[in-house]
């Protein structure tokens, strides 16, 4: 899965070997790219460990990952989540424990991070490990209204399907 694994690991561990000098410029670039992917995949595994979960819990409590953009979630802290465990597929998103939905991160730097470096399971593992993180109540559901009158009862209809036809 990671090309030039041994070379990439040496870069991560800051180990210099004589073989490094034998690489061409193109190979060196491939090794550096492989080191980035390997580091990200190691990160995804680390945050699933007890120590990693504890560190991510601290970041969550400080709202380091941001807050839910949904108004009715009242600034709920969010967690990073990947939509794929395969590198170079999709960028990281944020998951709101209150509304149980995913959003794009506000930070462009965070938005460019590979989602596989957090994985698809991380927020759910953290919430199962620390159930007290679940918000005490579900978010309020927004109900569209015109002059105080409800427009429709759900996403299926625009009013007509939810009401019996008028009789003459």
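Residue numbers (this note's numbering): 29 to 196.
By construction, the Cβ of each residue, glycine as well, lies at the ideal position given by its N, Cα and C atoms.
Please read these numbers as outputs of a predicted model, since none were measured by experiment.
Alpha carbons only, please: which of 101, 71, 130 is nearest the one belonging to residue 111?
130
What does the alpha-carbon distance come out to for the pair residue 102 and residue 83?
24 Å
So which of 114, 78, 59, 124 has the shortest CA-CA distance to residue 32?
59
Minimum C-alpha distance to residue 157 - residue among 29, 53, 76
76
Do residue 133 and residue 108 count as a contact pair if the criterion is CB distance below 9 Å?
yes
Kindly indicate which three-state DSSP category residue 70 falls into: helix, strand or coil?
helix
Considering only the alpha carbon of each residue, which of 30, 155, 65, 50 lies closest to residue 123?
155
Taking the C-alpha atoms as reference points, what is the distance between residue 117 and residue 61?
15 Å
Assuming residue 119 contacts residue 105 under a Cβ cut-off of 8 Å, what Cβ separation, rounded to an integer in Å, is found between them?
At roughly 20 Å, the Cβ-Cβ gap does not stay under 8 Å, so residue 119 and residue 105 are not in contact.
Limits of the alpha helix (DSSP H) - the one that residue 108 falls within:
Here residue 108 belongs to no alpha helix (DSSP H); instead the beta strand (DSSP E) covers 107 to 109.
Measure the C-alpha to C-alpha separation of residue 30 and residue 175 and round it to an integer number of angstroms.
59 Å
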